[in-house]
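Asks:
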Amino acid sequence: MRRREFMALIGAAAVGPIAAQAQQPAMPVIGFMSAASPLGEAFYVTAFRNGLKEGGYVEGSNVAIEYRWADGHVDRLPDFAADLINRKVAAIFADTPSALAAKSVTSAIPIVFSSGGDPVKLGLVASLNQPGGNTTGASFLVSTLAPKRLELLHQMKPTATAVGYLLNPDYPGGKAEAIETEAAARALGLRLEIVEARGGSDFESAFATFGRRRVDAIVIGSGPVYLSLRDQVVALAARDAIPAIYNLGLWVVSGGLMSYGPSIEDATRQCGVYVAKILRGAKPADLPVIQSAKFEFVINLKTARMLGLTVPQPLAVAADEVIE
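Residue numbers for the sequence shown follow this note's numbering, so the first one is 6 and each next one is one higher.
(1) Using a Cβ-Cβ distance cut-off of 8 Å, determine whether GLY254 contacts chain D.
(2) Can you round the beta-carbon distance between ILE70 and ILE35 to whole angstroms, since I take them to be within the 8 Å contact cut?
(3) Can you tell me the Cβ-Cβ gap for ASP221 and LYS162, rounded? I've got them flagged as a contact below 8 Å.
(4) Less than 8 Å between the CB atoms is what I'm expecting for PHE37 and ARG73, so what's the real figure, rounded?
(5) Please give the ranges of any beta strand (DSSP E) in the segment 213 to 284, keeping only runs that are unbroken, at least 3 residues long and fully inside the region.
(6) Closest to GLY65 by CA distance: which of ALA31, LEU82, ASP80 and ASP88 is it?
(7) Grab me the residues of SER144's own chain with a C-beta within less than 6 Å of its C-beta, minus the 5 sequence neighbours each way, in chain order.
(8) Buried or exposed: which applies to LYS108, given that a residue is buried once 16 or more other Cβ atoms fall within 10 Å of its Cβ?
(9) For ALA52, which residues from the same chain have a beta carbon less than 6 Å from its beta carbon, with the 5 sequence-adjacent residues on both sides left out?
(10) Does the beta-carbon distance from PRO4 to TYR170 come in below 8 Å?
(11) Work out the CA separation of ALA281 and GLY61 for me, nearest whole Å.
(12) Taking the CB atoms as reference points, tell me whether SER112 and GLY77 lie closer together than 8 Å.
(13) Three-state secondary structure (DSSP) at SER171?
(14) Rounded to whole angstroms, what's the CA-CA distance from PRO115 to ALA192? Just pull it up for me.
(15) Going by DSSP, what residues sit across from ARG73 in a beta bridge?
(16) When DSSP labels each residue in this structure, what does ARG92 get in the three-state scheme?
(17) Taking Cβ to Cβ, would you say GLY216 is nearer than 8 Å to GLY56?
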């Protein structure tokens, strides 16, 4: 072999691996949008990562995640969505307000939502079985369970005649949930006092209003912002010694009295699985919206004792979990 040919062969062998590395596809990037804050939302991130892992993706190993937290300022969400789109993310995972914001600025990038409302009524999908377009996800329908929560709260405190309802007017579907609760209150012969609060600075005045209106118990409305600030709301209910019911068990773990609703961790995990499928080539339009079938009724006995309440036997028996 001539020297020139030999040197060319050696050069090709040396450059070959580098060229092959350069041709390897870049690590896919996922956008993660939330109307809430990272404080108190660790469960949400963990559940999503677990779903991704089930689908073969591990953050930092073969997928990257760009997080965007609005800290309760939903007006920031359209800018977050536009930024993620400019970064050419492979998919966006989002709560309800974030998914609506993302959908308003892109019809191309896949969006997987975790929603407590009805995604069809909200305009996120055309139908549950055939979402169409670029969106799909999981719906755990906490809003439709509002009448049931009021009924359970009335059983816990049957002497109640007036019940407060804490509503976040910025949460899509929140007003519909309040209307359903109001209808349930009329059926039970209760007066419902609806008070609005968008976030942390509003809670103090909202509870003061409940006090002036002499409510006997409170139903806490749905939404990711409320959930991320649950410690503050639970503390105010304890301070005012007023029974309250919440939509998810996480509230009760934080010291709330009782909750009735779906497992949000399971729904979020399934969203992670869907994102993994999309990264492997699946189309959102072909992935039916997951409907949560797992509901939990949780009671905190310690909080009940602090409020001077005796848990009725039928409620204790019906509870899926009782926290001592």
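Beta carbons: idealized from backbone N, C-alpha and C, even for Gly.
On a predicted model such as this, the values are computed, not experimentally measured, just so you know.
Replies: Based on what the coordinates show:
(1) Any reference to chain D falls outside this structure, which holds one protein chain only.
(2) 5 Å
(3) 6 Å
(4) Rounded, the Cβ-Cβ distance is 7 Å, consistent with contact.
(5) Correct list: 222 to 225, 249 to 251 and 263 to 267.
(6) Comparing C-alpha distances from GLY65 to each of ALA31, LEU82, ASP80 and ASP88 shows the shortest one belongs to ALA31.
(7) SER120, PRO124, VAL294 and GLN296
(8) buried
(9) GLU270, THR273 and ARG274
(10) Within the shown structure, residues of the chain are numbered from 6 to 329, placing residue 4 beyond reach of any answer.
(11) 7 Å
(12) With contacts defined by Cβ atoms closer than 8 Å, SER112 and GLY77 do not form a contacting pair.
(13) Looking at the sequence itself, residue 171 is Leu, so the reference to Ser does not match. Strand.
(14) 42 Å
(15) MET38
(16) coil
(17) no
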